[in-house]
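S.K.:
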Amino acid sequence: EIVLTQSPTTMAASPGEKVTLNCLASSSVSYMNWYQQKSGASPKLWIYGTSNLASGVPNRFSGSGSGTSYSLTISSMEAEDVATYYCLQLSSYPLTFGSGTKLEIK
Amino acid sequence: QIQLVQSGPELKKPGESVKISCKASGYTFTDYAMHWVKQVPGKGLKWMGWINTYTGKPTYADDFKGRFVFSLEASASTANLQISNLKNEDTANVFCARCIRGTGYYWYFDFWGPGTMVTVSS
Chain Z
299 EIVLTQSPTT
309 MAASPGEKVT
319 LNCLASSSVS
329 YMNWYQQKSG
339 ASPKLWIYGT
349 SNLASGVPNR
359 FSGSGSGTSY
369 SLTISSMEAE
379 DVATYYCLQL
389 SSYPLTFGSG
399 TKLEIK
Chain W
16 QIQLVQSGPE
26 LKKPGESVKI
36 SCKASGYTFT
46 DYAMHWVKQV
56 PGKGLKWMGW
66 INTYTGKPTY
76 ADDFKGRFVF
86 SLEASASTAN
96 LQISNLKNED
106 TANVFCARCI
116 RGTGYYWYFD
126 FWGPGTMVTV
136 SS
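Top to bottom, those sequences are chains Z and W. Quick note on numbering: my numbering labels position 75 of the first sequence as 373, and the sequence is numbered without any gaps. Quick note on numbering: my numbering labels position 85 of the second sequence as 100, and the sequence is numbered without any gaps.
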């Protein structure tokens with residue numbers, strides 16, 4: 299089983315601040331998907347195939363990485379970005395999610 | 016527009032069974048696999064498995080073998096999850112999610128249902 303370790307677990311950023319969320323895989327994966335989940339809602343596709351933004355995702359978001367190391371970056375934090383972000387690998391069974399990064403605003 | 020509509024919340028006692036439904040609309044149901052994801056309140060997401068909506072073949076994650084059954088009512092564009100012999104640790108929000116292959120080699124869950132809260136309590 300591929301274990302995905304997300305860091306940090308929780309973080310707070312100021313409006314306008316650059317934010318980087320990390321997802322480290324225990325074995326190499328071909329690509330990574332990211333989901334945003336707000337409180338009381340179902341997860342939303344945010345980034346797929348490592349670097350492709352889902353429809354409606356602001357372009358201040360970007361995704362990058364390869365092999366065992368992937369990241370989601372927000373170039374300038376906004377209040378609406380407050381959420382928990384999960385990475386998900388579909389390269390091998392069982393599919394696995396990271397434990398999530400809870401992003402708050404200062 | 017594409018929608019996944021799930022059945023309502025369930026309150027069950029230990030040992031009972033529950034059936035959750037996920038009705039799809041806005042696309043050809045049998046063209047896309049359906050996956051199931053568990054989320055204990057306040058915790059992270061856990062993949063339960065998936066069902067091939069064309070063949071009906073289910074695949075279960077190890078922790079969900081035995082008491083969990085994925086099934087289809089293809090004529091109704093509906094995927095179902097039945098859990099038998101419910102335990103307290105089955106208390107969770109359960110999501111269905113459509114899986115799509117992107118233009119390339121990658122797959123992802125593009126649409127999710129709103130979730131069905133299953134509460135198991137004596």
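In this text, a Cβ means the ideal position worked out from N, Cα and C, and glycines have one as well.
Hey, does residue 46(W) have any beta-carbon neighbour from chain Z nearer than 8 angstroms?
M.R.: Position 31 of the second sequence, counting from 1, holds the residue named residue 46(W). False, the Cβ-Cβ gap to chain Z never drops below 8 angstroms.
S.K.: Count Cβ pairs between the segment 380-388 of chain Z and the segment 315-333 of chain Z that sit closer than 8 angstroms; are there 3 or more?
M.R.: Because the criterion of three Cβ pairs below 8 angstroms is met, the segment 380-388 of chain Z and the segment 315-333 of chain Z touch.
S.K.: If you draw a straight line from the alpha carbon of residue 121(W) to that of residue 391(Z), how long is it in whole angstroms?
M.R.: Walking along the second sequence from the start, residue 121(W) turns up at place 106. Walking along the first sequence from the start, residue 391(Z) turns up at place 93. Straight-line Cα distance between these residues: approximately 14 angstroms.
S.K.: Can you list the residues of chain Z that residue 129(W) reaches, using a CB-CB cut of under 9 angstroms?
M.R.: Within the second sequence, numbered from 1, the residue matching residue 129(W) stands at position 114. Within chain Z, the residues near residue 129(W) are 339, 340.
S.K.: Is there at least one Cβ from chain Z nearer than 8 angstroms to residue 85(W)'s Cβ?
M.R.: Taking the second sequence and counting its residues from 1, one reaches residue 85(W) at position 70. No, because no Cβ of chain Z sits closer than 8 angstroms to the Cβ of residue 85(W).
S.K.: For the beta strand (DSSP E) containing residue 115(W), name the first residue and the last one.
M.R.: Looking up residue 115(W) in the second sequence gives position 100. Note, residue 115(W): beta strand (DSSP E), 107-116.
S.K.: In whole angstroms, what separates the C-alpha of residue 62(W) from that of residue 321(Z)?
M.R.: Here residue 62(W) refers to the residue found at position 47 of the second sequence. Here residue 321(Z) refers to the residue found at position 23 of the first sequence. Going from the Cα of residue 62(W) to the Cα of residue 321(Z) covers about 17 angstroms.
S.K.: Please return the same chain residues whose Cβ sits closer than 8 angstroms to the Cβ of residue 362(Z), not counting the five positions on each side in sequence.
M.R.: Here residue 362(Z) corresponds to residue number 64 of the first sequence, with the count starting at 1. Correct list, in chain order: 348, 349, 368, 369, 371.
S.K.: Strictly under 8 angstroms for the Cβ-Cβ distance: is residue 392(Z) near chain W by that measure?
M.R.: Your numbering for residue 392(Z) matches position 94 in the first sequence. Taking Cβ atoms only, chain W reaches closer than 8 angstroms to residue 392(Z), which makes this a yes.
S.K.: Between residue 325(Z) and residue 345(Z), which are expected to be in contact by the criterion C-beta below 8 angstroms, what is the C-beta distance as a whole number of angstroms?
M.R.: Counting from one through the first sequence, the residue named residue 325(Z) turns up at place 27. Counting from one through the first sequence, the residue named residue 345(Z) turns up at place 47. At roughly 21 angstroms, the Cβ-Cβ gap does not stay under 8 angstroms, so residue 325(Z) and residue 345(Z) are not in contact.
S.K.: Touch check for the segment 89-99 of chain W and the segment 25-44 of chain W: three-plus C-beta pairs under 8 angstroms?
M.R.: Touching, yes.
S.K.: Got a sec: is the Cβ-Cβ distance from residue 77(W) to anything in chain Z below 8 angstroms?
M.R.: Locating residue 77(W) in the second sequence gives position 62, counting from the first residue. For residue 77(W), the answer is yes, since a Cβ of chain Z falls inside 8 angstroms of its Cβ.
S.K.: Using a cut-off of 7 angstroms between C-beta atoms, extract the partners of residue 62(W) located in chain Z.
M.R.: Locating residue 62(W) in the second sequence gives position 47, where the first residue counts as 1. Residues of chain Z passing the Cβ test: 392, 393, 394, 395.
S.K.: Can at least three beta-carbon pairs, one atom from the segment 96-115 of chain W and one from the segment 50-65 of chain W, be found at a separation below 8 angstroms?
M.R.: The segment 96-115 of chain W, when compared against the segment 50-65 of chain W, does touch it at the 8 angstroms Cβ threshold.
S.K.: Can you tell which of 135(W), 67(W), 99(W) has its C-alpha closest to the C-alpha of residue 80(W)?
M.R.: Here residue 80(W) refers to the residue found at position 65 when the second sequence is read from its first residue. Among 135(W), 67(W), 99(W), the Cα nearest to that of residue 80(W) belongs to 99(W).
S.K.: Taking 8 angstroms as the threshold (beta carbon to beta carbon), is residue 117(W) in contact with chain Z?
M.R.: Residue numbering aside, residue 117(W) sits at position 102 when the second sequence is read from its first letter. Yes, residue 117(W) lies at the interface with chain Z (some Cβ there is under 8 angstroms from its Cβ).
S.K.: Between which two residues does the beta strand (DSSP E) holding residue 121(W) run?
M.R.: Residue numbering aside, residue 121(W) sits at position 106 when the second sequence is read from its first letter. Note, residue 121(W): premise wrong, no beta strand (DSSP E); not H, not E.
S.K.: Check the Cβ-Cβ distances between residue 42(W) and every residue of chain Z, and say whether any is below 8 angstroms.
M.R.: Here residue 42(W) is taken as the residue at index 27 of the second sequence, counted from 1. No, because no Cβ of chain Z sits closer than 8 angstroms to the Cβ of residue 42(W).
S.K.: Count the other CB atoms, across all protein chains shown, that sit within 10 Å of the CB of residue 105(W); report buried if there are 16 or more and exposed otherwise.
M.R.: Indexing the second sequence from 1 puts residue 105(W) at position 90. Per the 10 Å Cβ criterion, buried.
S.K.: Thinking C-beta only, is residue 126(W) closer than 8 angstroms to residue 89(W)?
M.R.: Mapped onto the second sequence, residue 89(W) falls at position 74. Mapped onto the second sequence, residue 126(W) falls at position 111. Against a cut-off of 8 angstroms, the Cβ pair of residue 126(W) and residue 89(W) comes out as no contact.
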